[in-house]
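Peer 1: Take this structure first; my questions come after.
Here it is as structure tokens:
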């Protein structure tokens, strides 16, 4: 499979408090069929439908959290975008950053918590590897590695040849100081053409990079204790939309 082009890199996920969903997703996080525009699968919906929402709601001003487009804050437009496209990856990440910026969860004008927006995306399209990846990274950065790592592994199972997912798994395991697994996924990502050297540089600096290392499946980890815009070393890479 050809390597996907990379259009942008989202900011590193910041540590946000993780609000556990105590009830079922439907009860705590709402019905996906809300009677408005959508919901549509962001991956496969025709461009015209995407543009209709992004032109008026998920504008550059909203994505960069500089202000709202049709609402007083970015939150109202982010919420509209995620109701129309529950698995919109950039809108999910903007929601994470908006929560951090405002130090509120739910963020202003967004009704649901960050965890709920991920829950809605996963209920809508359980087969979306990017949603699993982003949710896993959010959990890990929030100190919920026991919940986050399985999300990353689920993403890998859904898209085992996606170099972006492999690279981010490598970064996650590096942060957990599981260097052999980090090296394994780094090697796989680079063999598939991942372009950025950040993970390799981190492994080299830690003395864990091995040019001759062979890629072999790691045994399941039975006791994991407790983890997207530049090429700096700690940053997570987000695949281009298509």
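In mature numbering (1 follows the signal peptide of the UniProt record, and there is no 0), the protein residues as written are -22 to -1, 1 to 220.
Positions of the beta carbon are idealized from the N, C-alpha and C atoms, including for glycine.
Owing to the predicted nature of the structure, the values given are computational and were not obtained by experimental measurement.
Only counting the same chain, and skipping five residues up and downstream in sequence, which positions put a Cβ closer than 7 Å to that of residue 148?
Peer 2: 160, 163, 164, 167, 177.
Peer 1: Can you round the beta-carbon distance between residue 79 and residue 43 to whole angstroms, since I take them to be within the 8 Å contact cut?
Peer 2: Indeed, because the Cβ distance is near 6 Å, the residues count as touching under 8 Å.
Peer 1: Would you mind stating whether residue 140 and residue 107 have Cβ atoms separated by less than 8 Å?
Peer 2: Taking 8 Å as the Cβ cut-off, residue 140 and residue 107 qualify as a contacting pair.
Peer 1: Give the single residue among 99, 172, 145 whose Cα lies nearest to the Cα of residue 11.
Peer 2: Answer by Cα proximity: 99.
Peer 1: Could you tell me how far apart the beta carbons of residue 53 and residue 88 are, in whole angstroms, since I believe they sit closer than 8 Å?
Peer 2: The pair is a contact, with the Cβ atoms about 4 Å apart (cut-off 8 Å).
Peer 1: Is residue 187 helix, strand or coil when you go by DSSP?
Peer 2: It is coil, neither helix nor strand.
Peer 1: Have a look at residue 103 and residue 158 and give me their C-alpha separation to the nearest angstrom.
Peer 2: Roughly 32 Å between the two C-alpha positions.
Peer 1: Locate the alpha helix (DSSP H) running through residue 113, then write down its first and last residues.
Peer 2: It spans 107 to 119 - the alpha helix (DSSP H) in which residue 113 sits, taken as one unbroken run.
Peer 1: Would DSSP call residue 148 helix, strand or coil?
Peer 2: Helix, per DSSP.
Peer 1: Less than 8 Å between the C-beta atoms of residue 93 and residue 110, yes or no?
Peer 2: Contact: no.
Peer 1: Residue 21: which of 13, 56, 63 sits nearest, CA to CA?
Peer 2: Cα-wise, what sits closest to residue 21 is 63.
Peer 1: Run through the stretch 19 to 76 for me and flag every whole alpha helix (DSSP H) of 4 or more residues, listed as ranges in chain order.
Peer 2: The stretch 19 to 76 contains these whole alpha helix (DSSP H) runs: 25 to 34, 38 to 41, 52 to 62.
Peer 1: Would you mind reading off the limits of the alpha helix (DSSP H) that contains residue 123?
Peer 2: Note, residue 123: alpha helix (DSSP H), 123 to 136.
Peer 1: Which two residues bound the contiguous alpha helix (DSSP H) that contains residue 161?
Peer 2: 157 to 169 is the extent of the alpha helix (DSSP H) around residue 161.
Peer 1: What would DSSP say about residue 13, mapped onto helix, strand or coil?
Peer 2: Residue 13 falls in the coil class under three-state DSSP.
Peer 1: So, helix, strand or coil for residue 176, using DSSP?
Peer 2: Correct three-state label for residue 176: helix.
Peer 1: Spatial neighbours of residue 143 within its chain, please: CB distance less than 7 Å, with the 5 preceding and 5 following residues excluded, ordered by chain position.
Peer 2: 107, 111, 133, 134, 137, listed in sequence order.
Peer 1: Taking 7 Å as the limit between beta carbons, can you name the residues of its chain near residue 86, skipping five residues before and five after?
Peer 2: Hits under 7 Å: 51, 53, 80.
Peer 1: Given this structure, state the Cα-to-Cα distance separating residue 182 from residue 58, to the nearest angstrom.
Peer 2: So the two alpha carbons sit approximately 44 Å from each other.
Peer 1: Closest to residue 185 by CA distance: which of 155, 69, 113 is it?
Peer 2: The shortest C-alpha separation from residue 185 is found at 155.
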